[in-house]
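Residue numbers for the sequence shown, in the numbering used here: 661 to 987.
All residues carry an ideal CB built from backbone N, CA and C; glycine is no exception.
To start, the structure under review is shown below, and the notes come after it.
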Amino acid sequence: MNRSSQIFVAGAETLIGAGLVDYLRGEGYGHVQVACGSALEDAREVDAFFRAARPEYVFFAAGKSGGIHANQAYPATLMRDNLLTATHVIDGAHRHGVTKLLYLASSCSYPRLAPQPMRVECLLTGPLEPTNEAYALAKLAGLKLCQAYRHEHHVNFIAGIPANAFGPKDDFSPEDSHVIPGLIRKLDDARDQRLPEFPLWGTGQARREFIYVRDLADACVFAMQHYDGAEPLNLGGGRDLSILETAQAIAEVVGYRGTFRLDPSKPDGMPRKGLDSSKLEQLGWRPKTDFHTALRETYEWYLSNRAEAQSGHVILPMQERTYRAAV
Ligand code: GFB
């Protein structure tokens with residue numbers, strides 16, 4: 661893949677898709693095309709897109725996602741959307757002769773109690789975390805679909821499993837978002853309201869490995885250029901933090917000075933979700949942005965785009981939400 665390659669980012673309205681588009685444009689890739697949202701749920705529309713756009717390289721970042729509450733509340737929506745978009749884009753990429761495709765799965769695809777840090781050999785060796793089982797199964801199906809197309813059709817489709825991503829253009833809704841954007845919004849409000857105590861979901865003891873979306877985009881491009889294996893590639897490399905440590909780091913960035921009151925009536929989800937990213941490291945990639953800097957940049961984006969950020973999955977301006985020719 662080089663700066664003049666025809667590149668397709670499927671799901672440019674998602675956090676990771678938007679991060680990929682920004683990263684690719686910033687690095688001078690001149691032919692980045694996008695398709696978003698429900699258009700990818702329709703096989704004929706996806707087929708028409710491939711026919712018109714003729715992409716050589718596809719980054720699959722499509723499919724609805726959400727935090728622990730959204731996964732519990734909308735399992736059918738999440739599973740359906742992720743199954744349909746993956747099926748149509750992977751099949752379209754094969755039928756239209758795409759040179760290479762990178763499918764992005766999720767670290768919740770690992771068994772709930774996978775030994776830490778999680779190695780790809782552990783996939784499908786135990787029960788999934790119940791709070792995100794439907795979404796995780798859809799992500800596993802997409803990953804296996806890539807492997808099946810490789811096997812049957814001899815195509816260079818690879819899969820990556822990112823750590824929990826966060827960054828600008830995330831969904832900052834209070835209930836449905838992932839933990840970092842959710843806490844940025846709620847702790848920012850709590851500071852304004854001078855709340856002495858903040859209710860933190862769960863025991864605070866669950867641990868998550870986070871990756872800044874710009875680093876993740878960089879890792880995806882690196883994988884596209886340097887990895888051709890059938891095994892999925894873990895895309896992480898940071899250390900994991902407890903949810904309480906995460907909340908404290910966010911409180912520092914937003915300037916909230918109250919105390920945390922843990923709420924164990926809310927679920928913790930997987931107890932730990934650290935990735936073994938040694939393969940990626942051996943290939944020569946490591947994350948570049950420290951956690952505090954990444955949180956600060958995310959918070960600055962939130963402050964500058966508050967109205968947009970608070971309305972949910974905004975990500976791209978409206979005119980960019982449809983198929984678009986090369987930029
Ligand atoms: O990012 P998150 O919602 O999802 O993080 P998962 C959930 C953890 O953060 C739980 C705690 O331990 C929660 O109890 N937490 C504390 C909060 N306060 C909050 C808050 O205000 N909002 C949220 N959302 N959590 C997701 C999966 O799992 O990971 C998805 O559900 C996806 O399928 C994603 O794979 C990467 O890390 O638990």
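Residue from the options whose Cα sits closest to the Cα of residue i
i      : options                           : result
Tyr717 : Gln776, Ala801 and His691         : His691
Asp830 : Arg663, Gln666 and Tyr959         : Tyr959
Arg714 : Gln732, Ala678, Gln666 and Phe720 : Gln666
Phe668 : Gly944, Lys760, Thr919 and Gln807 : Lys760
His886 : Leu935, Lys939 and Glu957         : Lys939
Val637 : Ile840, Pro822, Ala967 and Met884 : Outside the displayed range of the chain (661 to 987) lies residue 637, so it cannot be described from this structure.
Ile735 : Glu789, Gln970 and Leu893         : Before going further, note that residue 735 is Pro rather than Ile in the sequence given. Ranking Glu789, Gln970 and Leu893 by Cα distance to Pro735 puts Glu789 first.
Phe719 : His811, His813, Ile903 and Ala765 : Ala765
Ala909 : Glu891, Thr745 and Leu847         : Leu847
Ser664 : Glu673, Gly671, Thr674 and Arg685 : Arg685
Beta-carbon separation (whole angstroms), residue i vs residue j, contact threshold 8 Å
i      : j      : result
Tyr763 : Gly802 : 6 Å
Leu700 : Ala722 : 5 Å
Leu743 : Ala808 : Not quite, the Cβ-Cβ distance comes to about 14 Å (not below 8 Å), so this is no contact.
Ala954 : Gly827 : 7 Å
Check: residue i C-beta below 8 Å from any heavy atom of the ligand GFB
i      : result
Thr791 : yes
Pro787 : no
Asp928 : yes
Ala730 : yes
Val914 : no
Cys768 : yes
Tyr795 : yes
Leu843 : yes
Pro834 : yes
Arg868 : yes
Lys799 : yes
Ser725 : yes
Ser925 : no
Ser937 : no
Val692 : no
CB contact flag (residue i, residue j, <9 Å)
i      : j      : result
Ala602 : Asp836 : A query on residue 602 cannot be resolved here, the shown segment of the chain reaching from 661 to 987 and no further.
Glu941 : Asp900 : no
Arg740 : Asp707 : no
Val873 : Met661 : no
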